[in-house]
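Note that the protein sequences, when read in sequence, are chains A and B. Under this note's numbering, the first residue of the first sequence carries the number 1, and numbering increases by one thereafter. Under this note's numbering, the first residue of the second sequence carries the number 1001, and numbering increases by one thereafter. Encoded as structure tokens, the structure appears first; notes follow it.
2 protein chains.
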Amino acid sequence: MTTDALTIHESAETTGWSPRMLRYIERSGLVVPARSASGYRLYGAAELQRLRTLKELLQRFDLGLSDVVFALRLGQDAQLRGEVEEWLSAEPAKPDDVAGDDWLSWEQDKHQKLLAAAAAQPATTADPTGGTIG
Amino acid sequence: MTTDALTIHESAETTGWSPRMLRYIERSGLVVPARSASGYRLYGAAELQRLRTLKELLQRFDLGLSDVVFALRLGQDAQLRGEVEEWLSAEPAKPDDVAGDDWLSWEQDKHQKLLAAAAAQPATTADPTGGTIG
DNA sequence: AAAACCTTGACACACCTCTGGTAAGGTTGG
DNA sequence: CCAACCTTACCAGAGGTGTGTCAAGGTTTT
């Protein structure tokens, strides 16, 4: 079976993932290999490349698989993407009335580590047309 | 202090979130209220609206705050967005060699519940220019 | 100055994500 | 037919997310 597709263990060695993770990644929908007639996973060159770049992507930006899964979902569900973008399009944070300077210093329990993602976009068009309050 | 901004407890009641969650949401960077001179959070009409729509967004699409946080990050980090989109742009899954039909039926441990996000995009341009395999 | 707010920090817990195992059973090939 | 693969299913455990609650201490208001 030396066609041009690798089995899961071979692919694992080539890509740096474990076989367990390759199945998990498949389950998450990110890299779904073809199957042989009897159900064996067959990773082709394209899949192997995707697995390698996926690993690098996750490491470089410190992402989780779930992040990429969500991005995939965003790319496939136009309505979801539209609503999320619309929500985000409202001004993200407008430090204006603020008096102090370094409020908000992240929880930092013994559990929590980091997460970071501070906003840093000067409000271009400030039109706080609020809704009905009470 | 009936200016036009609500305190955290008032905002909590109006939006359906708990005060604890309002702080958590602020920490995550999604809705950051202004602060009074002494550090009290002040939620204006815009923030209250955002909190309400956020709640609806999460419920309607079954998202987590972290998903929206990631979307925010995507919107702010062009490089990240570019690389993620590039990764996703490669064909997501090309059932072609597949023989069986309903392989892949989700792990279903007692822990795991669901996650779903099956791909359903007929490959338009199939050009599997693979890389070097071995 | 006491009551009723607010603030941050921390403990706790449930559930999810990510990973590694192990077990029971099908497939492949000598 | 037997070894060496593969498959799914389940147990386990570390660490993140989402949430409540409580403590110690400032602020506002009466």
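All C-beta atoms in this analysis are idealised placements derived from N, C-alpha and C, irrespective of residue type, glycine included.
Reduced DSSP category for residue i - H, G, I as helix; E, B as strand; rest coil
i	result
Ala90(A)	coil
Ala5(A)	coil
Ala970(B)	Here chain B covers residues 1001 to 1134 and nothing more, so residue 970(B) does not appear.
Leu30(A)	coil
Gly1016(B)	coil
Residues bridged to residue i [DSSP beta-bridge criterion]
i	result
Arg1052(B)	Beta-bridge pairing links Arg1052(B) to no other residue.
Tyr1043(B)	Leu1006(B)
Sequence-distant residues of its chain with Cβ nearer than 7 Å to residue i (five each side left out)
i	result
Tyr40(A)	Thr7
Ser1036(B)	Leu1042
Nonlocal neighbours in the same chain, by C-beta distance under 8 Å from residue i, ignoring five residues either side
i	result
Arg1073(B)	Leu1080
Lys1055(B)	Thr1015, Gly1016, Trp1017
Ile25(A)	Trp17, Val31, Leu51, Leu54, Leu65
Leu1048(B)	Leu1006, Ser1011, Thr1014, Thr1015
Val1069(B)	Ser1028, Gly1029, Leu1030
Asp1004(B)	Gly1044, Ala1045
Leu1063(B)	Leu1057
Residue range of the unbroken alpha helix (DSSP H) whose run includes residue i
i	result
Gly1075(B)	1065 to 1076
beta-carbon residue i near the ligand NAD non-hydrogen atom, thresh 6 Å
i	result
Leu6(A)	This structure lacks the ligand NAD, and indeed carries no ligand of any kind.
Residues near residue i by beta carbon distance below 6 Å, same chain, minus five either side
i	result
Pro1019(B)	Ile1008, His1009, Ala1012
Gly1075(B)	none
Pro33(A)	Arg41, Leu42, Tyr43, Glu47
Next item on the list: Please list the residues of the segment 1034 to 1050 of chain B that have a C-beta atom closer than 7 Å to any C-beta atom in chain A, keeping them in chain order.
Entry: Residues Ala1034, Arg1035, Ser1036, Ala1037, Gly1039, Leu1042, Gly1044, Ala1045, Ala1046, Leu1048, Gln1049, Arg1050.
Next item on the list: Residues of the segment 1006 to 1018 of chain B with a CB closer than 8 Å to any CB of chain A: list them in chain order, please.
Entry: Result list: Leu1006, Thr1014.
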